[in-house]
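J.:
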Amino acid sequence: MKIVILTGAGISAESGISTFRDANGLWNNHKIEDVASIGGFRRNPTLVHQFYNERRNQLTSVEPNAAHYALAELEKHHEVTLVTQNVDDLHERAGSKTIHMHGELTSHKCIACHDVSISMGDTSTESVCQSCFNVGTIRPDIVWFGEIPYHMETICEKLHDCELFVSIGTSGIVYPAAGFVDLLQNKGTDTLEINFEKTFSNFKVGIYGAATITVPKWVKSLI
Ligand code: NAD
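The sequence shown runs 212 to 434 under my numbering.
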């Protein structure tokens, strides 16, 4: 079966990475607009670098959980396209081929020459771009609010072609990802939400509970 799976912060919550909105729109005690917008970066780049350095360093102390591993197993049995809004690397570490629509903590980009470099190292306002050698032009390779998500053409093709669309651990608030389900409802494609609790999105079927329990159980029913 051709399946498109969209994951969000909820799938990594039980690995110890806090979600975006579960704490009233604060991400690790920061206002989202301060750490996830170009305006926030211009106002206080030092804070933004520190914030993403902490998130990147946290990756070394967290592990993929049973839900990440179950999706990697599903790929062996079905034609799965895994799209994540997450910026962590837990899907890859569980063995999944992953499309990161909101960027990745493990890469940086240069606002002068647009070069993207893979690195686990810290960045600061003093960082030097290894491509154009400008100083202070490096920013996190994260799609912030108001910016265009990555890989939209591929994602739209896969959505158009799929038989089942599954959303896991996402609040369904951030667009365009939040709009995928409506696109498919209109086409008559089967849609499934797996989340801690029911969201306001319009899925045909829902499975509710902790991802480490619900996702492996659902995957088992398909293989
Ligand atoms: P969100 O925080 O808005 O929503 C998380 C959803 O997951 C909620 O609906 C919540 O009920 C559910 N949830 C929480 N714990 C769960 C669990 N154990 N099992 C199942 N569901 C659970 O997250 P979102 O919709 O992904 O928000 C989008 C933005 O958050 C993304 O753009 C992403 O870049 C950013 N983000 C990413 C990470 C990460 O990479 N791990 C962490 C925080 C935020």
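Even for Gly, the Cβ is constructed at its ideal location relative to N, Cα and C.
(1) How long is the line joining the alpha carbons of I216 and I249, rounded to whole angstroms?
(2) Taking all protein chains shown into account, do 16 or more other C-beta atoms lie within 10 angstroms of the C-beta of H371, making it buried, or fewer, making it exposed?
(3) So what does L216 bridge to, in DSSP terms?
(4) Any heavy atom of ligand 1 within a distance shorter than 7 Å of the CB on F414?
(5) Answer yes if the stretch 302-320 comes into contact with the stretch 350-361, meaning at least three C-beta pairs across the two stretches below 8 Å, and no otherwise.
(6) In three-state DSSP terms, what is F391?
(7) Measure the alpha-carbon distance for G251 versus I353 and round it to whole angstroms.
(8) Quick check on the contact list: which residues have their beta carbon closer than 6 Å to a heavy atom of ligand 1?
(9) Tell me which residue opens and which closes the beta strand (DSSP E) that I349 is part of.
(10) Bridge partners for H311 per DSSP, in chain order?
(11) In whole angstroms, what separates the C-alpha of V246 from that of A220?
(12) Cα separation between E290 and T309?
(13) Just to confirm my understanding: we take V385, look at its own chain, exclude 5 residues before and 5 after, and list those with CB closer than 7 Å. What are they?
T.: The answer reads as follows:
(1) 28 Å
(2) exposed
(3) Note that residue 216 corresponds to Ile in the displayed sequence, not to Leu. Bridge partners of I216: L293, V377.
(4) no
(5) yes
(6) helix
(7) 13 Å
(8) G219, A220, G221, S223, A224, E225, I228, T230, F231, R232, D233, W238, Q296, N297, V298, D299, H313, G380, T381, S382, I384, V385, N406, F407, E408, T410, A421, A422
(9) 349-353
(10) T295
(11) 16 Å
(12) 13 Å
(13) Q296
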